[in-house]
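Position one of the sequence shown corresponds to residue 1373 (my numbering), numbered consecutively onward. From the three backbone atoms N, C-alpha and C, an ideal C-beta is built for every residue, glycine too. Notes follow the structure.
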Amino acid sequence: MPINIPQKMPAREILEKEKIFVMDEERATTQDIRPLNILILNLMPEKQKTEVQLLRLLGNSPLQLNVSFLHMETHQSKTVSKSHLDQFYTRFSAIKTKYFDGMIITGAPIEHLPFDEVTYWEELKQIMDWTKEHVISTMHICWGAQAALFYHYGIDKYELSEKCSGIFQHSIAEQNVKLFRGFDDVFFAPHSRNTSVQSEQIKAHPELSLLSEGEAGPFIILSKDEKNIMITGHLEYDTITLAEEYKRDINKGIDILPPENYFPNNDHTKAPINTWRSHSHLLFSNWLNYYVYQETPFDWN
């Protein structure tokens, strides 16, 4: 949230250089505040778990949010009931004339497929194109980040020799970035994917900034116009999410190692320890504050 201090206070110049949102009395007295409208395109199979994870992080803010959930019209989900979708979700055809302050496009366990072989790829392209004029800022997560990098910026994914799964350390490549307000110099985050993207391609692209990378490769990418944020990992994951995924893969007969840096002493019988929760809340809070709330118009009309 912004701080209101006198226009000529010496601290103001220092704070503005650090990208702290400072407001003077004139702007404060004329500021209009309304609820922010957030749209979530939930592509994850276990939709109700993802709903809880994202709403928990979005709710840790003094801002009032109106949250809507979107599902694909060209894909029939097999892991959630039709009644749940009918009651709590909407379709793109019903909202494509509306405007949203922020949007989240989640991951999906389909990274082994080329993008044009995904059943709902054409519809997703329409949605991502629609965000250019109808959404102030869009956050893309995991496969959603790879889809955005490919569609918006022509950067394709590549297959890893083995699954990237675990808790990995990351560093901040660019200082004084609003998204990292309050972050430590190094921080941890979960990853769970079979594909990745090349750091060199991101760094060479004139419209992108690689904000953070680490042991698992590129992590957070920001478009230069700040409309798109691509996150290759899963800061929204609960403590036990990777354990549940590992157990699921084992039960399917998949030969896979336990998630790295996750179970104490690499013993999957021991309860994992959450080392990323605080940075998850910071990331979502900073996104809502700096990239949505401070940028969106009071009246879209």
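DSSP places Ser1509 inside the beta strand (DSSP E), whose first and last residues are 1507-1513. Sorting Pro1486, Phe1522, Ile1412 by C-alpha distance to the C-alpha of Asp1473 places Ile1412 at the top.
By the C-beta density criterion, Lys1596 is exposed, having fewer than 16 other C-beta atoms within 10 angstroms. Contact between the segment 1531-1542 and the segment 1497-1512 is not established, with fewer than three Cβ pairs separated by less than 8 Å. For the 7 Å CB-CB criterion, Ala1517 and Met1416 do not form a contact. One alpha carbon belongs to Gln1498, the other to Pro1562, and they sit about 29 Å apart. Distance from the CA atom of Phe1560 to the CA atom of Ile1645, rounded to whole angstroms, is 12 Å. In this structure, Glu1667 lies near Ile1508, with their beta-carbon atoms less than 7 Å apart. Under the three-state reduction of DSSP output, Val1664 falls in the helix class. Non-local beta-carbon contacts of Trp1659 in its own chain, meaning distances under 8 Å to residues more than five positions away in sequence, involve Gly1474, Ser1509, Met1511, Leu1551, Ile1601 in chain order. Boundaries for Val1549: no alpha helix (DSSP H) harbours it, and the DSSP string shows neither H nor E there.
Under the three-state reduction of DSSP output, Asp1639 falls in the coil class, being neither helix nor strand.
The C-alpha of Ile1410 lies about 27 Å from the C-alpha of Gly1526. Around the beta-carbon of Asn1661, 16 or more other beta-carbon atoms lie within 10 Å, marking it buried. The beta carbon of Lys1419 sits closer than 6 Å to the beta carbons of Val1452 from its chain, once the five residues preceding and following it are set aside; these are given in chain order.
In chain order, Gly1538, Ile1539, Leu1614, Pro1644 place their CB closer than 7 Å to the CB of Tyr1634, counting only its own chain and leaving out the 5 sequence neighbours on each side. For Glu1572, the enclosing alpha helix (DSSP H) begins and ends at 1571-1576.
DSSP, reduced to helix, strand and coil, places Ser1543 within a strand of the structure shown. When DSSP states are grouped into helix, strand and coil, Lys1421 belongs to the helix group. Looking at the backbone, the Cα of Phe1460 and that of Lys1389 are separated by about 43 Å.
Beyond the five residues adjoining it in sequence on each side, Glu1546 comes within less than 7 Å, by CB distance, of Ser1581, Leu1583 in the same chain, given in chain order. In the DSSP assignment, Phe1560 is bridged to Gln1541.
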